[in-house]
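*Asks:* Just passing along the structure, written as structure tokens.
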Amino acid sequence: FAVVARGHEGDPESVEALLRAGAERVFLVASARRAEGVLEQVASRVGDESLLARVSAPAGIDLGGQETAAITLSLVAEMQWRAAGCTGELRPMVELRAARLERSRTGQRNLACPGQKG
Numbered sequence: 053f054a055v056v057a058r059g060h061e062g063d064p065e066s067v068e069a070l071l072r073a074g075a076e077r078v079f080l081v082a083s084a085r086r087a088e089g090v091l092e093q094v095a096s097r098v099g100d101e102s103l104l105a106r107v108s109a110p111a112g113i114d115l116g117g118q119e120t121a122a123i124t125l126s127l128v129a130e131m132q133w134r135a136a137g138c139t140g141e142l143r144p145m146v147e148l149r150a151a152r153l154e155r156s157r158t159g160q161r162n163l164a165c166p167g168q169k170g
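In terms of the working numbering, the sequence shown is residues 53 to 170.
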């Protein structure tokens, strides 16, 4: 995996160079508008749609938040999702209906999975 997070004029060249170098996946950290512009420029240069299929733009899974830490976590989450070979729509790991709250001596603790031992 390779990440382009410069936000500069050189982003199209960076993405193109990584694709031509054989990067399995290129993650472009950018707004949707910026990502669209970068991909248009890359498409006009490489002329190969299959290369563009290896670009995640804008990169990351929408976890909410605009802070650097939230953006970083969303990017790493997408990397894990792809590395695990997941396909299709992203979905929560557990159904929230299945989660239950258990009271303990020290307070409450959330058990995310039915039958999970505390």
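For each residue, glycine too, the CB sits at the ideal point set by N, CA and C.
Which residues in the same chain as V98 place their Cβ atom closer than 8 Å to its Cβ, once the five residues preceding and following it in sequence are excluded?
*Replies:* Along the sequence shown, read from residue 1 onward, the residue named residue 98 stands at position 46. Closer than 8 Å at the Cβ level, and outside the excluded window around V98, lie E68, L71, R72, L104.
*Asks:* For V94, count the other beta carbons within 10 Å of its own beta carbon; 16 or more makes it buried, fewer makes it exposed. Which is it?
*Replies:* If you number the sequence shown from 1, residue 94 lands on position 42. Buried, since its Cβ has 16 or more Cβ neighbours within 10 Å.
*Asks:* Which residue marks the beginning of the beta strand (DSSP E) containing A136, and which one marks its end?
*Replies:* Along the sequence shown, one-based indexing puts residue 136 at 84. Element bounds for A136: n/a, residue is neither H nor E.
*Asks:* Between which two residues does the alpha helix (DSSP H) carrying V81 extend?
*Replies:* What you label residue 81 is simply residue 29 of the sequence shown in a count that begins at 1. No alpha helix (DSSP H) holds V81; DSSP gives it neither H nor E.
*Asks:* Within its chain, find whatever has a CB closer than 7 Å to the CB of R77; leave out the 5 residues flanking it on each side and keep chain order.
*Replies:* Along the sequence shown, read from residue 1 onward, the residue named residue 77 stands at position 25. Here the set comprises F53, R106, S108, R134.
*Asks:* Taking the alpha-carbon of A129 as reference, which of S102, E101, A111 has the nearest alpha-carbon?
*Replies:* Stepping through the sequence shown from its first residue, residue 129 is reached at position 77. With distances taken between Cα atoms, A129 lies closest to A111.
*Asks:* On the criterion of 16 or more Cβ atoms from any shown chain inside 10 Å, does D63 qualify as buried, or is it exposed?
*Replies:* Working through the sequence shown from its first residue, we reach residue 63 at position 11. Under this definition D63 is a buried residue.
*Asks:* What's the C-alpha gap between R118 and G137?
*Replies:* Within the sequence shown, residue 118 is the residue found at index 66, counting from 1. Within the sequence shown, residue 137 is the residue found at index 85, counting from 1. Reading the sequence as shown, one finds Gln at residue 118 and not Arg. Roughly 27 Å between the two C-alpha positions.
*Asks:* According to the neighbour-count rule (16 or more other Cβ atoms, all chains shown, within 10 Å of its Cβ), is L115 buried or exposed?
*Replies:* If you number the sequence shown from 1, residue 115 lands on position 63. With fewer than 16 other Cβ atoms within 10 Å, it is exposed.
*Asks:* Which residue or residues does DSSP assign as beta-bridge partners of V98?
*Replies:* As a working note, residue 98 is residue 46 in the sequence shown. Per DSSP, none; premise fails for V98.
*Asks:* What residues match up with A54 in a beta bridge as DSSP calls it?
*Replies:* Sequence index remark: in the sequence shown, residue 54 carries index 2 (1-based). For A54, which the question treats as bridged, DSSP gives the partners V78.
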